[in-house]
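Below you'll find the structure, written out as structure tokens, and then a few comments.
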Amino acid sequence: MENRHMSDEQKSHIINSITTKTKDKSICNCEHPKIEILNGHYFAPLLTASLGNDATPLIALMCNNCGKLHFYSQNFLGIKTR
């Protein structure tokens with residue numbers, strides 16, 4: 001599968017969407033403010049198999065302090081890659 005990179009505008013939209021929907025406005029449990037959005041496509045095929053739906057595209061974020069990975073629904077955040 002082709003690795004598509006997100007634009008800076010898409011990355012900004014992701015960060016804004018997540019921070020407005022989180023209670024404490026931090027993305028990671030360690031409360032470090034610096035995160036990185038990983039380019040590429042990620043899917044949860046086992047989850048979709050049990051639900052009987054199409055694969056769910058995911059956005060992956062990584063904390064630059066502790067390395068914790070966070071996955072968010074690309075569709076829910078309104079990110080289009082095609």
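With full-length UniProt numbering, the residue at position 22 of the sequence shown is 22, and numbering never jumps.
Idealized CB from N, CA, C, for every residue including glycine.
Quantities reported herein were computed from a predicted structural model and do not represent experimental measurements.
Residues bridged to residue i [DSSP beta-bridge criterion]
i	result
E36	M62
F43	P57
Within-8 Å CB hit, residue i to chain D
i	result
I79	This model lacks chain D altogether, as it is built from one protein chain only.
Sequence-distant residues of the same chain with beta carbon closer than 7 Å to residue i, five excluded per side
i	result
N3	In this prediction, N3 has a pLDDT of 40, which is less than 50 and means its spatial position is unreliable; what the coordinates show is noted afterwards. These residues qualify, in order along the chain: N39 and G40.
H5	N39
K11	I37
Residue i - containing alpha helix (DSSP H), residue span
i	result
H13	D8 to K21
N29	Premise fails: N29 is in no alpha helix (DSSP H) and is neither H nor E.
CB-CB length for residue i against residue j, believed under 8 Å
i	j	result
F43	L58	7 Å
L61	E36	7 Å
Cβ-based neighbour list, residue i, same chain, cut-off 6 Å, excluding 5 preceding and 5 following
i	result
K68	C28
I15	none
F71	L58 and A60
Proximal residues to residue i (C-beta, below 8 Å), its chain only, five neighbours per side dropped
i	result
G78	H13 and S17
K34	C63, N64 and N65
Span of the beta strand (DSSP E), counted from its first residue to its last, around residue i
i	result
H70	L69 to S73
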